[in-house]
Amino acid sequence: MFLFLIEEAVRDLRRGGRVAASAVLLITLSLAALGAFWVLSLNLGRVVAQWRDRLRVVVYLREEPAPGTADELLAKLEAVGGIQRMRYVSKAEALQTLRRQLGGQASLVAELATNPLPPSVEVTPAPEASTPAGTRALVQRLSTLPEVEEVQGGTEWVERLAEFQRLLQRIGLAVGAVLALAAILAVTTATTLVLHARRQEMEIMRLVGASEMVIRLPLFLQGLAQGLAGAAVAVGGLYAAYRLALPALEPLLSFTLGLPRATFFSPSEVAVLLGGGALLGAFGGLLAKGGRPA
Amino acid sequence: MIQLQHVFKEYRVGPVKVTALADVSFEIDKGEFTVLAGPSGSGKTTLLRLLYRDEVPTEGEIRVAGYEVTRLRRSNIPQLRRAIGMVFQDAKLLPGRNVYENIVFVLRVLGTPRREIAPRVMQALKAVGLSARAQALPAQLSLGEQQRASLARALVKEPALLLADEPTGNLDEGIAEEILDLLREIWNRGTTILLATHRATLADQLKRRTLVLERGRLLKDKD
Ligand SMILES: Nc1ncnc2c1ncn2[C@@H]1O[C@H](COP(=O)(O)OP(=O)(O)O)[C@@H](O)[C@H]1O
Ligand SMILES: [Mg+2]
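Respectively, the protein sequence lines represent chains A and B. The working numbering puts the first residue of the first sequence at -13, with every later residue one more than the last. The working numbering puts the first residue of the second sequence at 345, with every later residue one more than the last.
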């Protein structure tokens, strides 16, 4: 019985012809747009998470603490609260780091008469203080200490990035929703055409005593097949685009955002896209009107 | 097999009411061959459509093949229809499928087990004398052959009752004769038949019980 229903659905798809093909195309477009925004947002989300994780606040000191009093100073800093970890970086250590960063041009450092770099303390905020507001407050508290020259850090740009990610998500959803609506309409049109071509079959089915389910199910199945096909093409297209763009994009991403690898959807996310396509198609198939019920 | 009690049917066309059937009562026993006669527009098609629940009566009670048709739930309509075979003036064959596939279609729609399908289709084709034309498309058949295929399709589900609405309406006299002979054969094998026709001569010639409708009323019921 089920085989029969599938055969009937395939026959319908063939009859649907060009309209069915354009319905598949629209589903492809809507899911590809949705998917593209999703991939972007997914990767941006990873950037944001990574930077939140790495977040440091750097406290520049007015002068190097007297030998043996560094710990005392750290204790004083810690007293402001909201700090997880601290590391003291002396003037000498800072210079060392600079020398390492300069690499080939390290000789420039040797030409300096005095060490111009200030001593500093690298502060990792406690988890409860690593929100934008929490970090801002921590920076504020640290700045008031007399030993402190300047405090750098904060999450402003990371938060702007996070905001951008949310915006991207919203645009993606909006564009995807509009296209999804168009896709549903296209499937509905395709199915209505199929219904029209199928009305003789449906009349015979009703006359001989087929259940309404048997009469409608092929329509539902051909809609579902259109949706699934559209989703598969969309995922395939996105993956191809991802593989093509990867060699060019990855160094850029790594350099600007510190993201070593751009990822694609996980299998379960692919399943969500395919399921979404199937749902769109099936819905369109169900919406189609025509053929009066017995 | 069929019982009607004070059946009325009114169609509403905009503000106008058309009375298609008025106070029709009769009974048909299992195994009878009955002719439903009357001029065009007398209500024959309407009456048949009430029997397979394509329409509901405005008033009255109808029983067919053990079903209380008037009180049948929507979801039980398919069951009623499985017990009834139908043929019409036009054969209503599916143009994209050959004769064999047209008949297979019915059994597959009804979920008949695979093994049973081929033998039953062959048997139905043989019963209407169309075995040799099994692979032909409807368009390649004569009108008489098309009507035979339509009969085979009605018979393949082995209905207890066969409703035929002007099945010879499109056919020349000789071919019509053949179809009537075929109906008689089917009746001889035990199927109850109700045949609607507007051709008075045809009704007379069959020499069977005849219900005559005129303007929706049952005029006479003669054996
Ligand atoms: N669906 C319908 N809507 C309105 N009037 C109808 C409909 N079907 C039949 N009629 C009317 O009912 C009457 C009986 O028609 P019908 O049952 O087709 O007669 P017959 O089959 O004997 O020619 C006619 O007057 C016809 O115009
Ligand atoms: Mg008629």
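For every residue, glycine included, the Cβ atom is placed at its ideal position computed from N, Cα and C. Note that the coordinates shown come from a computational prediction; the quantities given were computed from them, not determined experimentally.
Return the first residue and the last residue of the beta strand (DSSP E) that residue 138 (chain A) is part of. For residue 138 (chain A), the uninterrupted beta strand (DSSP E) run begins and ends at 134 to 139, by DSSP.
I want to know whether the segment 496 to 515 of chain B touches the segment 429 to 439 of chain B - three or more CB-CB distances under 8 Å. Yes, since at least three Cβ pairs between the segment 496 to 515 of chain B and the segment 429 to 439 of chain B fall closer than 8 Å, the two stretches touch.
So, at 6 Å on beta carbons, what are the nonlocal neighbours of residue 479 (chain B) in its own chain, with the 5 sequence-adjacent residues on each side left out? Within its own chain, the residues whose Cβ lies closer than 6 Å to the Cβ of residue 479 (chain B), once the five positions on either side in sequence are excluded, are 442, listed in chain order.
May I have a chain-ordered list of the alpha helix (DSSP H) segments no shorter than 4 residues that lie completely inside the segment 382 to 435 of chain B? Within the segment 382 to 435 of chain B, the complete alpha helix (DSSP H) runs of at least 4 residues are 388 to 395 and 421 to 426.
Say yes only if the C-beta of residue 558 (chain B) is nearer than 7 Å to one or more non-hydrogen atoms of ligand 2, and no if none qualify. Residue 558 (chain B) Cβ: outside cutoff for every heavy atom of ligand 2.
What did DSSP end up calling residue 554 (chain B) once you bin it into helix, strand or coil? Of the three classes helix, strand and coil, the one that applies to residue 554 (chain B) here is strand, per DSSP.
Between residue 158 (chain A) and residue 24 (chain A), is the Cβ-Cβ spacing less than 8 Å? Closer than 8 Å, so yes.
Reduced DSSP secondary structure (H/G/I, E/B, other) of residue 280 (chain A): Low confidence applies to residue 280 (chain A): its pLDDT is 33, below 50, so where it sits in the model is not reliable, and the reading given next is rough at best. Shown here, residue 280 (chain A) sits in coil according to DSSP, grouped into three states, outside any helix or strand.
Residue 369 (chain B) versus residue 463 (chain B) - alpha carbon distance: Spanning the two alpha carbons is a distance of roughly 40 Å.
Would you mind working out which of A:256, A:213, A:250 and A:232 sits nearest residue 265 (chain A), comparing C-alpha positions? Per the Cα distances, A:213.
Apply the 10 Å Cβ neighbour rule to residue 548 (chain B) and answer buried if 16 or more other Cβ atoms are within range, or exposed otherwise. Under a 10 Å Cβ-count criterion, residue 548 (chain B) is classified as exposed, with fewer than 16 other Cβ atoms of the shown protein chains found around its own Cβ.
Please state whether DSSP places residue 354 (chain B) in a helix, a strand or coil. The answer is strand: DSSP assigns residue 354 (chain B) an E or B state.
Which value, in whole angstroms, describes the spacing of the CA atoms of residue -5 (chain A) and residue -13 (chain A)? Each residue's Cα considered, the two are about 13 Å apart.
So that I know if they touch, is there some Cβ in chain B lying closer than 8 Å to that of residue 181 (chain A)? Not one chain B Cβ lies under 8 Å of residue 181 (chain A).
Opposing strand residues paired with residue 361 (chain B) [DSSP bridges]: B:356, per the DSSP bridge assignment.
Per-residue contacts from residue 454 (chain B) into chain A (C-beta, under 8 Å): Neighbours of residue 454 (chain B) on chain A, chain order: 194, 195 and 196.
Is residue 521 (chain B) near ligand 2, judged by its Cβ being under 7 Å from some heavy atom? Placement of the Cβ of residue 521 (chain B) at a distance of 7 Å or more from every heavy atom of ligand 2 is found.
Exposed or buried, residue 278 (chain A), counting other C-beta atoms within 10 Å across all chains shown (16 or more means buried)? The predicted model places residue 278 (chain A) with a pLDDT of 41, which falls under 50 and marks its position as unreliable; any figure quoted below should be read in that light. Label assigned to residue 278 (chain A): exposed.
In this structure, does DSSP put residue 348 (chain B) in helix, strand or coil? Reduced to three states, the DSSP call for residue 348 (chain B) is strand.
How would you list, in chain order, the residues of chain C whose beta-carbon sits under 7 Å from the beta-carbon of residue 501 (chain B)? Included in the structure are the protein chains A and B, with no chain C among them.
One or two residues paired with residue 118 (chain A) in a DSSP bridge: Residue 118 (chain A) is not bridged to any residue.
Considering only the beta carbon of each residue, do residue 433 (chain B) and residue 510 (chain B) sit closer than 8 Å? Contact flag set, yes.
Within chain B, the residues that residue 208 (chain A) reaches when beta carbons sit closer than 7 Å: In chain order: nothing, as chain B lies at least about 16 Å away.
Could you confirm whether any beta carbon from chain B is found closer than 8 Å to the beta carbon of residue 278 (chain A)? Its pLDDT being 41, under 50, residue 278 (chain A) is placed unreliably by the model, and the measurement read from it follows with that caveat. No, its Cβ sits nowhere closer than 8 Å to a Cβ of chain B.
By Cβ distance, which residues of its chain are closer than 7 Å to residue 474 (chain B), with the 5 residues on each side in sequence left out? Only residues of its own chain outside the window of five on either side were considered, and among them 443, 489, 492, 493 and 496 have a CB closer than 7 Å to the CB of residue 474 (chain B), listed in chain order.
Neighbour flag for residue 190 (chain A) against chain B, beta carbons, 8 Å: Under the Cβ criterion of 8 Å, residue 190 (chain A) is counted among the residues facing chain B.
Say yes only if the C-beta of residue 387 (chain B) is nearer than 7 Å to one or more non-hydrogen atoms of ligand 1, and no if none qualify. Using a cutoff of 7 Å, the CB of residue 387 (chain B) counts as near ligand 1, since one of the ligand's heavy atoms is closer than that.
Answer with buried or exposed for residue 78 (chain A), where buried requires no fewer than 16 other C-beta atoms within 10 angstroms of its C-beta. Result: exposed.
Could you give the residue range of the alpha helix (DSSP H) that holds residue 507 (chain B)? For residue 507 (chain B), no alpha helix (DSSP H) run applies; the uninterrupted beta strand (DSSP E) run containing it begins and ends at 505 to 509, by DSSP.
Could you name the residues of chain B that residue 10 (chain A) contacts, counting a contact when the two beta carbons are closer than 7 Å? Residues of chain B whose Cβ lies closer than 7 Å to the Cβ of residue 10 (chain A) do not exist, since the nearest Cβ in that chain is about 23 Å away.
Validate contact between the segment 61 to 73 of chain A and the segment 103 to 113 of chain A using beta carbons, cut 8 Å, 3 pairs: In short, these stretches touch, since the Cβ pair count reaches three.
CA nearest to the CA of residue 270 (chain A), picked from A:259, A:234, A:172 and A:200: Selected option, being the one with the closest Cα: A:172.
Once DSSP output is grouped into helix, strand and coil, what is the label at residue 500 (chain B)? In the three-state DSSP reduction, residue 500 (chain B) falls in the coil class, being neither helix nor strand.
Say whether chain B places a C-beta atom closer than 8 Å to the C-beta of residue -4 (chain A). So, not an interface residue.
DSSP bridge partner residues for residue 111 (chain A) (one or two, in chain order): According to DSSP, which records beta bridges pairwise, residue 111 (chain A) is partnered with A:69.
Which residues in the same chain have their Cβ closer than 6 Å to the Cβ of residue 217 (chain A), if we skip the five residues on either side of it in sequence? Around residue 217 (chain A): 17, 259, 260 and 263.
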